């Protein structure tokens with residue numbers, strides 16, 4: 056038993072935890088430890104990010120968000136899907152913290168954060184990590 060859920064519990068919370076366990080144990084496919092997108096380099100082992108060989112300062116949570124998007128490059132992800140991928144639970148209906156973190160990630164990795172080329176906003180849906188960059 057690697058998780059405990061006290062009663063009474065929300066069915067959505069139970070479902071989110073089941074998905075998280077399946078995600079952790081369900082795949083045997085090795086993920087690349089070093090991801091390269093143009094001048095952006097993400098090292099999963101060292102948990103570092105660099106742009107044009109210059110290190111970027113990201114919090115642990117911001118690093119996890121960036122990796123979740125980069126692993127699904129080219130796919131539009133909703134805020135709920137991002138939260139599920141990063142924390143194994145759904146987002147609160149009024150939680151906009153992902154938007155704040157995306158802004159900070161953009162400030163760290165984008166040449167011009169006001170006109171991003173790597174992490175794009177899809178209005179009314181979520182975010183997409185662009186496959187083609189630089």
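In the numbering used here, the protein residues as written are 56 to 189. For glycine and all other residues, C-beta sits at the position ideal for the given N, C-alpha and C. A quick note: this is a predicted structure, and the numbers were derived from the prediction, not measured.
- Spatial neighbours of residue 120 in its own chain (CB-CB distance under 8 Å, excluding positions within 5 residues in sequence) are listed in chain order as 137, 141, 153, 156, 157 and 160.
- Cβ-Cβ distances below 8 Å link residue 180 to 131 and 133 in the same chain, with the five nearest sequence neighbours on each side left out; the list follows chain order.
- Taking C-beta separations shorter than 7 Å and ignoring five residues to either side along the sequence, the partners of residue 105 in its chain run 96 and 111, following chain order.
- For residue 92, the closest C-alpha among the options 173, 73 and 75 is that of 173.
- Leaving aside the five residues that flank residue 59 on each side, none in its chain has a CB nearer than 7 Å to its CB.
- Secondary-structure assignment with DSSP links residue 182 through a beta bridge to 132 and 176.
- If you draw a straight line from the Cα of residue 182 to the Cα of residue 127, it comes to about 11 Å.
- When secondary structure is reduced to three states using DSSP, residue 171 falls in the coil class, being assigned neither helix nor strand.
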